[in-house]
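Student: Per my numbering, the first sequence starts with residue 167, numbered consecutively.
Got a structure for you, questions after.
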Amino acid sequence: MEYNFREIEAKWQKKWSNEEPFRAINDSDKPKYYVLSMFPYPSGAGLHVGHPLGYIAGDIYARFKRHKGFNVLHPMGYDSFGLPAEQYAIQTGQHPAKTTDQNIKRYREQLDQLGFSFDWNREVRTSDPTYYKWTQWVFIQLYDSWYDKQVDKALPIQNLVSKFETEGNSGIDAVCDDDTPRFSATEWKHFSEADKQRILLKYRLTYLADAEVNWCPALGTVLANDEIVNGVSERGGHPVIRKKMTQWMMRITAYAQRLLDGLDTIDWPQPLKDSQTNWIGRSEGASVSFKVKSHDAVIEVFTTRPDTIFGASFMTLAPEHELVQKITSSEQKAEVDAYIEATSKRSERDRMADVKTISGAFTGAYAEHPFTKEPVPIWIGDYVLAGYGTGAVMSVPCGDQRDYDFAKHFGIDIPNIFEGVDIAEEAFVDKANTIIANSDFLNGLNFKEATRKVIDELEQLGQGQGKINYRLRDAVFSRQRYWGEPFPVYYDANGLPQMLAEEHLPLQLPEVEKYLPTETGDPPLGNATAWAWDTTTNTVVSNEKIDRIRVFPLELNTMPGWAGSSQYFNRYMDPKNDEAIYSEEAIEYWEDVDLYIGGSEHATGHLLYSRFWQKFLFDRGIAPKDEFARKLINQGMITGTSAFVYKDQNSNKIYSKGLVSGNKVNPIHADVSFVNASDELDVEGFKKWRPDLADAEYVLEAGKFIVGREVEKMSKSKYNVVNPDAICEQYGADSLRLYEMFLGPLEQSKPWNTAGITGVHSFLKKLWKLYLGVDENEPTNENLKTLHKTIKKVEEDIENFSFNTSVATFMICVNEITAQKCSSKAVLESLAILVSPYAPHIAEELWERMGHTTSISAAAFPKFEEKYLVESSKEYPISFNGKLRFKLELPLDMGKDDIEKAVMAHEKTHEQLQGRTPKKVIVVPGKIVNIVG
RNA sequence: GCCUCGGUGGCGGAACUGGUAGACGCGCUGGAUUCAAAAUCCAGUUCUUUCGGGAGUGUGGGUUCGAUUCCCACCCGAGGUACCA
167 MEYNFREIEA
177 KWQKKWSNEE
187 PFRAINDSDK
197 PKYYVLSMFP
207 YPSGAGLHVG
217 HPLGYIAGDI
227 YARFKRHKGF
237 NVLHPMGYDS
247 FGLPAEQYAI
257 QTGQHPAKTT
267 DQNIKRYREQ
277 LDQLGFSFDW
287 NREVRTSDPT
297 YYKWTQWVFI
307 QLYDSWYDKQ
317 VDKALPIQNL
327 VSKFETEGNS
337 GIDAVCDDDT
347 PRFSATEWKH
357 FSEADKQRIL
367 LKYRLTYLAD
377 AEVNWCPALG
387 TVLANDEIVN
397 GVSERGGHPV
407 IRKKMTQWMM
417 RITAYAQRLL
427 DGLDTIDWPQ
437 PLKDSQTNWI
447 GRSEGASVSF
457 KVKSHDAVIE
467 VFTTRPDTIF
477 GASFMTLAPE
487 HELVQKITSS
497 EQKAEVDAYI
507 EATSKRSERD
517 RMADVKTISG
527 AFTGAYAEHP
537 FTKEPVPIWI
547 GDYVLAGYGT
557 GAVMSVPCGD
567 QRDYDFAKHF
577 GIDIPNIFEG
587 VDIAEEAFVD
597 KANTIIANSD
607 FLNGLNFKEA
617 TRKVIDELEQ
627 LGQGQGKINY
637 RLRDAVFSRQ
647 RYWGEPFPVY
657 YDANGLPQML
667 AEEHLPLQLP
677 EVEKYLPTET
687 GDPPLGNATA
697 WAWDTTTNTV
707 VSNEKIDRIR
717 VFPLELNTMP
727 GWAGSSQYFN
737 RYMDPKNDEA
747 IYSEEAIEYW
757 EDVDLYIGGS
767 EHATGHLLYS
777 RFWQKFLFDR
787 GIAPKDEFAR
797 KLINQGMITG
807 TSAFVYKDQN
817 SNKIYSKGLV
827 SGNKVNPIHA
837 DVSFVNASDE
847 LDVEGFKKWR
857 PDLADAEYVL
867 EAGKFIVGRE
877 VEKMSKSKYN
887 VVNPDAICEQ
897 YGADSLRLYE
907 MFLGPLEQSK
917 PWNTAGITGV
927 HSFLKKLWKL
937 YLGVDENEPT
947 NENLKTLHKT
957 IKKVEEDIEN
967 FSFNTSVATF
977 MICVNEITAQ
987 KCSSKAVLES
997 LAILVSPYAP
1007 HIAEELWERM
1017 GHTTSISAAA
1027 FPKFEEKYLV
1037 ESSKEYPISF
1047 NGKLRFKLEL
1057 PLDMGKDDIE
1067 KAVMAHEKTH
1077 EQLQGRTPKK
1087 VIVVPGKIVN
1097 IVG
């Protein structure tokens, strides 16, 4: 009886889809376990062999947990709003919903054929109105909240309004815009309704602001910082410029400290935590205000080195700093203007790429040093960023390399304020070894002491205080795109935003003729003819009806890609609930994700925003946990193994790899499907694929054409993409699952090489054969030893996410049991359960053939019993000076002294020693004997 | 530059708290079976060797009876980040 994987896999996939054994229930006596793999964006290209890696690992874990008696939630869905579908719509006119649907179908087929135990009843799609209703709902909750620093949490905005009514805002410590005015309760009461709304916008956790944003002209939208890589858009690699626009913003900065602190409470990979830490960029220091001489102005600076304040020999402002125009002297005006003009022409990318060139201009103005009262010249320079801190620095050339370089370049004084340090060549930046000198009351103090002291003194003067600064900026939440969640917002007669009431959600995406921005430069939703909100009927109506009395224009922007993915893990808990984002019972039961698996590329995007939303939901009592995922694993990338042929530059010859040397050649990618396990090229196939190279002369070696191989990212353009469909067709899903795991540690990146799959495939065939003559015989001790050794190792491996070593363990087990000619049902049943998380189809089939009528997925995991592994003797390695010389079988219960006697009496020991007396004999019972001397 | 992770046969990789380096698989070599091939099975496969042995986990040092494992310095590769004051 052959192992017919095609028949078996089709049979069980159908059965699982009909009988739904993986349906999770929200109420169970069993302990819960929530395994989640990051949901995919359904791209048109479908899955390649690298994509399922994390899904397979998650599926193995989910299946294992079911065997262990847990009620497992293991859902899957689609992050189905996004740019590619919209770009495609722009090109072809096809509605993104349509292409997205097609792509999802294709994804589902591919996922289904891999045998995942997803609970498809819980599928979510971010582009589905029943889903984005709740994305809009969370947005409204954010809008209706402010952040109270005193209790360090988000509170309802109504609570802030009552405070304003009784005490104004002077006693309130809130996260708000910098330009928020002070007002009393009486003043508040006299504000117009519109002014009240404007004030509240300065406090809301999502708010409208004129922000400097990253505008990508090619994509016609703004981008968040994490969507820009090396100064160009992450998608498409288009240039990005700075532009001031009115945008929805998320006040994520309110959570900066908690996002940092929370990292200590979750089991996430260190590199991921590090990149979030860097992204948040906390720095501790002081803010200092410098008075500007002969102007009524102060310059606020933030510094992490207030201890070096006596070394400040100039100040530098960002060219965009608002004071520049005001304080520049008439003599310097021409130079300053020219400099500002020049920097504004340089793109962000230029400025980033070129960090070597030092440039700047003197404003002609002077600040006053807070302590010495000496004049400090004020410069502008583009090395100071407008967007960080206050856009101004106190420049201490002896203590900061950039200030040092700037001072050297422009011939500015470099006073030395460090004890026993030479600054002739470079600045001294070593905080830990700093002793301050030439600094009045700070002399002789170290960094910590001096910092504390100077902050005290600044506070006395009223010119500064200790401050913590974060690099993290509030997140731009508007996108000028069509294919995203519409904001549940209309603009009233004052042009102020108003939220739709919860009961009118979802606000559905309108139909448009074109997916491009309008002629007037409005976002694509500006093309919609019916995109106005009638406040009497609470429906979307034609734009013609807009009267700004009852009918108002709706927001034209849509939400960014990360909106939908910031709460999907919670929505899975109760995905069909139409009354609430999820029921209280559901979230009380599932609480949070126990295991989250996904790529590390989401470190500063999805994973940071989701943590922010979760903390917010927690503050507002909507979620019971303030971190959504306890443990997270980043699966490594599967890279491709590209194949090359070598075309001679001077002739029409194409060389096999071994014949290249000495010839000038151009390597040309060959599609990996034409290459076999021994790196031989199917030349005829290749010629058909590349007709332009069909008439070339192919120079073979030993009758074969051998390709060169190189590991590269798996991509269409490198012709190294391997499709899982083809693998499933040829070897089956179980083989693919095993092989993906067998490649190496889950978290490492590793190259794909289809050739190796024959190993796991023949393992499955051997496994299958074992079950052809199952009998009721009692297992021997040897059988049980093999089995229990395997149970122990596999269980440990799964718990450590070391799936590659389990596969090796299965192979060893099957090899041993085959050699033992064991066909005992007791052993084989256990083995089938062990294998089933990895290769579920074959396991189900074998299980059924052994007479079971219920799914193996519900069977209890075999219990490991130590007693079968107890050995009576040990083959001791006997080494001399740490080098193994021979082995000696001795009883395990033999004592140290007896072992030494037995070893010393052995003839091979005498041979080794050749009459010498050993200096020392190390005996570690049960481990090793080492003879020294 | 900084942060993080990694470096072991021809290849992917294994080695628990320091204790027999190279498990398992691919590939390769030889053999069996076959008219032949596929498939399957058996044996071998770190390098070197005068067949006794010798060397060996990126490099150099250190700790130890003993180091792939711990410590120091360096080299290389991958990822992240970068005028962040």
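Cβ atoms here follow ideal geometry from the backbone N, Cα and C, with glycine treated the same way.
Whole angstroms are fine: how far does the CA of residue 644 sit from the CA of residue 406?
Tutor: As a working mapping, residue 406 is identified with position 240 in the first sequence. As a working mapping, residue 644 is identified with position 478 in the first sequence. So the alpha carbons of these two residues sit roughly 16 Å apart.
Student: Identify every run of the beta strand (DSSP E) within the segment 211 to 264, keeping only runs that are complete inside it and at least 3 residues long; order them along the chain.
Tutor: List check, beta strand (DSSP E) in window: 237 to 239.
Student: Let me confirm a value: residue 562 is counted as buried when at least 16 other C-beta atoms fall within 10 Å, else exposed. Which label applies?
Tutor: Walking along the first sequence from the start, residue 562 turns up at place 396. Burial call: buried.
Student: Tell me the rounded alpha-carbon separation between residue 976 and residue 955.
Tutor: Here the question's residue 976 lines up with position 810 in the first sequence. Here the question's residue 955 lines up with position 789 in the first sequence. Straight-line Cα distance between these residues: approximately 10 Å.
Student: What's the gap between the Cα of residue 537 and the Cα of residue 603?
Tutor: Numbered from its first residue, the first sequence carries residue 537 at position 371. Numbered from its first residue, the first sequence carries residue 603 at position 437. Distance between the alpha carbons of residue 537 and residue 603: 15 Å.
Student: If you count every other CB in all the chains shown that lies within 10 Å of the CB of residue 436, and 16 or more means buried, which is it?
Tutor: As a working note, residue 436 is residue 270 in the first sequence. That one is exposed.
Student: Going by Cα to Cα distance, which pick from 596, 924, 577, 524 is closest to residue 568?
Tutor: For the purposes of this step, residue 568 is taken as residue 402 along the first sequence, with counting starting at 1. Ranking 596, 924, 577, 524 by Cα distance to residue 568 puts 524 first.
Student: Take residue 125 as the anchor and find which of 1006, 1071, 1035, 1029 has the nearest alpha-carbon.
Tutor: Nothing can be reported for residue 125, as the shown portion of the chain is limited to 167 through 1099.
Student: Do residue 1028 and residue 996 have their C-beta atoms closer together than 7 Å?
Tutor: By 1-based counting over the first sequence, the position of residue 1028 is 862. By 1-based counting over the first sequence, the position of residue 996 is 830. Going by C-beta atoms, residue 1028 is nearer than 7 Å to residue 996.
Student: On the criterion of 16 or more Cβ atoms from any shown chain inside 10 Å, does residue 841 qualify as buried, or is it exposed?
Tutor: Sequence index remark: in the first sequence, residue 841 carries index 675 (1-based). With 16 or more other Cβ atoms within 10 Å, it is buried.
Student: For residue 319, does the three-state DSSP call read helix, strand or coil?
Tutor: The residue labelled residue 319 in the question sits at position 153 within the first sequence. Looking at residue 319 - three-state DSSP - the assignment turns out to be strand.
Student: List in chain order: all unbroken alpha helix (DSSP H) runs of 4+ residues lying wholly within the segment 532 to 587.
Tutor: You should have 567 to 576.
Student: Quick check on the burial criterion: 16 or more other C-beta atoms within 10 angstroms. Buried or exposed for residue 1076?
Tutor: Taking the first sequence and counting its residues from 1, one reaches residue 1076 at position 910. It counts as exposed.
Student: Check whether the segment 352 to 364 touches the segment 415 to 424, taking contact to mean three or more Cβ pairs, one atom from each stretch, closer than 8 Å.
Tutor: They do not touch, by the three-pair rule.
Student: Helix, strand or coil for residue 888 per DSSP?
Tutor: The residue given as residue 888 occupies position 722 in the first sequence. Correct three-state label for residue 888: coil.
Student: On the criterion of 16 or more Cβ atoms from any shown chain inside 10 Å, does residue 204 qualify as buried, or is it exposed?
Tutor: Position 38 of the first sequence, counted from the first residue, corresponds to residue 204. It is buried - the Cβ of residue 204 has at least 16 other Cβ atoms within 10 Å.
Student: Entirely within the segment 673 to 760 and at least 3 residues each: give me those beta strand (DSSP E) ranges in chain order.
Tutor: Counting only runs of 3 or more, we get 698 to 700, 705 to 707, 717 to 719.
Student: Secondary structure at residue 428, three-state DSSP: helix, strand or coil?
Tutor: As a position in the first sequence, residue 428 is number 262, starting the count at 1. Helix at residue 428.
Student: Are the beta-carbon atoms belonging to residue 884 and residue 835 less than 7 Å from one another?
Tutor: Taking the first residue of the first sequence as 1, we reach residue 884 at position 718. Taking the first residue of the first sequence as 1, we reach residue 835 at position 669. Their beta carbons are under 7 Å apart, which means residue 884 touches residue 835 by this criterion.
Student: Is it true that the CB of residue 778 sits closer than 7 Å to the CB of residue 313?
Tutor: One-based indexing of the first sequence puts residue 313 at position 147. One-based indexing of the first sequence puts residue 778 at position 612. No. Outside cutoff.
Student: Just reading off the alpha helix (DSSP H) that residue 907 is part of, what are its end residues?
Tutor: As a first step, residue 907 must be located in the first sequence, where it is residue number 741. It spans 899 to 908 - the alpha helix (DSSP H) in which residue 907 sits, taken as one unbroken run.
Student: Let me make sure I understand the geometry here. Which of 820, 887, 882 has the alpha-carbon closest to that of residue 863?
Tutor: Counted from its first residue, the first sequence places residue 863 at position 697. When each option's Cα is compared against that of residue 863, the closest is 820.
Student: What separation, rounded to the nearest whole angstrom, lies between the Cα atoms of residue 481 and residue 541?
Tutor: Counting from one through the first sequence, the residue named residue 481 turns up at place 315. Counting from one through the first sequence, the residue named residue 541 turns up at place 375. Distance between the alpha carbons of residue 481 and residue 541 is about 10 Å.
Student: Since residue 622 is in the beta strand (DSSP E), which residue starts that stretch and which ends it?
Tutor: Locating residue 622 in the first sequence gives position 456, where the first residue counts as 1. Taken as a continuous stretch (DSSP letters only), residue 622 belongs to no beta strand (DSSP E), being part of the alpha helix (DSSP H) at 613 to 627.
Student: From the DSSP output, which residues share a beta bridge with residue 863?
Tutor: The count along the first sequence starts at 1 and reaches residue 863 at position 697. For residue 863, which the question treats as bridged, DSSP gives the partners 819.
Student: Where DSSP assigns a beta bridge to residue 808, which residues make up the other side?
Tutor: Position 642 of the first sequence, counted from the start, is the residue given in the question as residue 808. In DSSP, residue 808 forms a bridge with 876.
Student: What are the complete beta strand (DSSP E) segments, minimum 3 residues, inside the segment 1019 to 1075?
Tutor: Correct list: 1039 to 1046, 1049 to 1057.
Student: Whose CA, out of 641, 375, 952, lies closest to the CA of residue 346?
Tutor: Walking along the first sequence from the start, residue 346 turns up at place 180. Ranking the options by Cα distance to residue 346, first place goes to 375.
Student: Indicate whether the contact test is met: 3 or more Cβ pairs, each with one atom in the segment 760 to 771 and one in the segment 223 to 243, closer than 8 Å.
Tutor: Flag = yes, the segment 760 to 771 and the segment 223 to 243 touch.
Student: If I measure Cβ to Cβ from residue 1050 and keep anything under 8 Å in the same chain, skipping five residues before and after, which residues do I get?
Tutor: Indexing the first sequence from 1 puts residue 1050 at position 884. Same-chain partners within the cutoff: 1043, 1044.
Student: Can you give the beta carbon distance from residue 447 to residue 636, rounded, assuming they're within the 8 Å contact cut?
Tutor: As a position in the first sequence, residue 447 is number 281, starting the count at 1. As a position in the first sequence, residue 636 is number 470, starting the count at 1. Going by Cβ atoms, the distance from residue 447 to residue 636 rounds to 6 Å, so yes, they are a contact pair.
Student: Return helix, strand or coil for residue 779, following the three-state DSSP convention.
Tutor: As a first step, residue 779 must be located in the first sequence, where it is residue number 613. Three-state result, residue 779: helix.
Student: Can you tell me where the alpha helix (DSSP H) with residue 1001 in it begins and where it stops?
Tutor: Here residue 1001 refers to the residue found at position 835 when the first sequence is read from its first residue. Its alpha helix (DSSP H) spans residues 991 to 1001.
Student: With DSSP as the reference, label residue 382 as helix, strand or coil.
Tutor: Your numbering for residue 382 matches position 216 in the first sequence. Reduced to three states, the DSSP call for residue 382 is strand.
Student: Starting from residue 795, trace the beta strand (DSSP E) both ways and give me its first and last residue.
Tutor: Position 629 of the first sequence, counted from the first residue, corresponds to residue 795. First-last of the beta strand (DSSP E) with residue 795: 795 to 800.
Student: I need the straight-line Cα distance from residue 476 to residue 581, nearest angstrom please.
Tutor: For the purposes of this step, residue 476 is taken as residue 310 along the first sequence, with counting starting at 1. For the purposes of this step, residue 581 is taken as residue 415 along the first sequence, with counting starting at 1. So the alpha carbons of these two residues sit roughly 9 Å apart.
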